[in-house]
Structure formats: structure tokens, C-alpha cells
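Presented below is the structure to which this report refers.
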Amino acid sequence: MITRRNILITSASATALALITTLAFAATPLAKKDTYKVGFAQTESNNPWRIAQTESMKAEAAKLGYQLVYTDAAGSAAKQVADVNSMIAQGVDVIFLAPREEKPLIPAVMAAKKAGIPVFLLDRNVDQKLAKAGEDYVTFIGSDFVEEGRRVAEWLAKNANGKSKIIELEGTTGSSPANDRKKGFDEAIKAAGGFEIVASQTGDFARDKGRQVAESLLQAHPDADVIYAHNDEMAIGAISAIEAAGKVPGKDILVLSIDGGKEAVQAVVDGTIAAVVECNPRFGPKAFETMARYAKGETIEPWVKNVDKFYDGTNAKEELAGAY
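Residues -26 to -1, 1 to 298 (mature numbering (1 follows the signal peptide of the UniProt record, and there is no 0)) make up the sequence shown, in order.
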């Protein structure tokens, strides 16, 4: 006999079953297969770090026998959104996304989520107020950018030898590494005391723009004796600007950087860069290992952290061969 109570019980059971099914799907949304069609939406390829990252992703995909759909946004957030939408239309199983900026790539993340395609963020994050790991995308795989900036500041505090007036060359405006490397450095250098950031301006992570900005800021602040660059490309550009100003990098002006490419580590050996925090670009192994864990139904932590080295005069020569 069908009663209201039976209907309620049946309804509740169906709801519970639906919830269990939904939770099970959320835990293992990526089926285990012999091969996958994987998207990798790169932000740009205008520097050694990005090239090394792309080569690592391509090499690991080839090693596993996966089809890699690769795109290069050429420094355009709008193009990167379009690239992700194209991958969705092509029916990729997974998307690895290196978001150029924190906010503009949110629509791409949400479009992939709506299409049921897991997204793994590589090396740059998105705005956590607008999208969350474990809900809107699987995880962020990358370095601790705040810690990178802090490590540079802590090294400077111990090795400044009286130098105290800092020019800061920031990365791409609105990107998570630029935001966090500034936060970590600025907070730690303020806590150290005795230092002043006399100017802080974006060089867009680019060598030539870093040189141009450094030239302008050195003219405006001729007493500056430290340049902290958010990446190697701007640091190398700054070395040219220092030399153009008739000063000696490493002697008159300390140059500090983040990334740890071979050219920058060689500059540490040569004495033109004082210290570099590594930001390892070889994402392929960790990215695909995390994807495999996810396909097995494992719970992935919201942040899969990379461990980065530090180069200065004490170890740069010995570590040079291993730099990218």
C-alpha cells in the first residue's frame, strides 16, 4: 500500500542515493584509461622559464603516450580563455592551465567545470575568492611565491653590507607570482628594518621592459643600491641598465632575482647577480603524477607544492649544471 510515509522514505532514499552518486563522481571524475587527450594552455613562450616548462610537459606526455593539445596565449589573457574554450570543444579529458592573470581566467576555469573537465592549475593561481581548489578546479601545482619573496628579503637583510635603497621590478600586473613575490619581499624587508623601497614598478616579467624600467628608475633614484627583480629576465635586463648608468652590478648595486635559470645562476657565479631563488619550471612529472592520482580517486590536496633551491655565492658554481 502506497502511503505518504512510503513516498517520503522512497524520496529520501533516492535523494541519498543521488548524493552518494554525486560524491562518488566528485571523488573520481576522471576515468582510468590507457591514454588521455590532455590540454595544456600555456600563457606565453617568450622566455627560458616558459620554454623549459612547455618542454617538460610535452616530454612527459610523450613518455606516457598521451595526446597533448598545446596552445600558446602569447601573453594575452583573452586568447588564453579562448584557448581553453577550444580545448573544451575538442573534448579533452583534462586541462592543465598556467593562468596569465588571477581574475581574467576565472571564466575559463568555470567553463571547463561546467563541461565536466578537470582543471589543474600550473605555476600561477587564480583569485581564491572567485574559484576554489577541490570545487572549481582540482588543485594548484606550484611554488610558494610569498616564500620566494621572503627568502630574497631574508638573504638581503643578512648580506646587504650597508646597502638599503631598493628598486623593485614587479612581474605582470594581476598575476599571482607578481602579487605574492611582492607581498613576501615587502613584508619581510619591512620587518627587517633599515631598508627603503624607493620605487616599485612592473617590468612585465620581460627582459627588455625590465631594462627600460630599471634605466628610468635608476635615473629617478640615483642613490638606489639594490634591485630586486621578480624574475631572471628582468634581473638580466636590470644588469644592462646598471652598466649603462656607469655602475657595476654586484658592487655598486646588488641584483636579486627569482627563477634560477642557467643564465642567472651563471651571473651569480660571475658576481653580477647576488642571489637567486629557484622557481622550478619542470612541471611535467609532477603534473601528470597528480593527474594519475586523481584518476585513481585519491583526494588531492588544494596545493601541490614545488620545493625550490636557493643560489648564491656559496653554491652557484656547484649547482650550475643542474639549472634549467
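By construction, the Cβ of each residue, glycine as well, lies at the ideal position given by its N, Cα and C atoms.
As the structure is a computational prediction, the values presented were derived from the model and not from experiment.
Measuring alpha carbon to alpha carbon, tell me which of the options ends up nearest residue i.
i    : options                   : result
K183 : V281, A166 and T146       : T146
E170 : F159, G177, D244 and V187 : F159
P92  : V83, K283, V100 and R98   : V83
P81  : G235, A56 and E272        : A56
R256 : E293, P196, S149 and S117 : S117
E76  : R98, A89 and F94          : R98
Q41  : V120, F179 and Q64        : Q64
F284 : A165, Y44, N254 and I201  : N254
T37  : D8, D46, V58 and S19      : A quick correction: the sequence has Lys, not Thr, at residue 37. Ranking D8, D46, V58 and S19 by Cα distance to K37 puts D8 first.
E122 : E29, L96, S150 and I216   : S150
V181 : A194, L143, K157 and T17  : According to the sequence shown, residue 181 is Arg rather than Val. Of A194, L143, K157 and T17, the residue nearest in Cα terms is L143.
G49  : E29, K32, G90 and D178    : D178
F119 : A131, N153 and G90        : N153
Short of 6 Å in beta carbon distance, which residues of its chain neighbour residue i, apart from the five on each side in sequence? Order them along the chain.
i           : result
T(-17)      : Annotation note: pLDDT 38 at T(-17) (below 50); position unreliable, coordinate value reported separately. No residues qualify anywhere along the chain.
L191        : I141 and A173
T246        : I213, P223 and G224
residue 308 : This structure gives no information on residue 308, because the portion of the chain shown stretches from -26 to 298.
N21         : E207
A127        : F159, A162 and I163
A105        : I80 and V83
G13         : V43, M61, V66 and I69
P252        : Looking at the sequence shown, residue 252 is not Pro but Glu. Hits under 6 Å: G234, D282 and K283.
K137        : D199, V200 and L228
What did DSSP end up calling residue i once you bin it into helix, strand or coil?
i           : result
T147        : coil
Y268        : helix
I216        : helix
G287        : coil
L38         : helix
T9          : coil
A(-1)       : In this prediction, A(-1) has a pLDDT of 41, which is less than 50 and means its spatial position is unreliable; nothing more can be read from the coordinates.
A162        : helix
I247        : coil
T45         : strand
residue 299 : With the chain covering only -26 through 298, there is no way to say anything about residue 299.
Looking only at its chain, what residues have a beta carbon closer than 7 Å to the beta carbon of residue i, apart from the 5 residues adjacent to it on each side?
i    : result
A290 : V239, V242 and V243
T264 : F94, T113, I115, I274 and V278
E293 : V239, K283 and Y285
D46  : Q16, E18 and S19
Identify the residues that DSSP records as bridge partners of residue i: which are they?
i    : result
P223 : I227
G116 : K279
S174 : E142
I232 : V251
Residue i and residue j look like a contact to me (Cβ under 8 Å); what is the Cβ gap, rounded to whole Å?
i   : j   : result
A72 : A15 : 7 Å
So, for residue i: in the same chain, excluding its five sequence neighbours on each side, which residues have a beta-carbon less than 8 Å away from its beta-carbon?
i           : result
A52         : P78
residue 326 : No statement about residue 326 is possible, as the shown extent of the chain runs from -26 to 298 and does not include it.
P259        : S30 and E34
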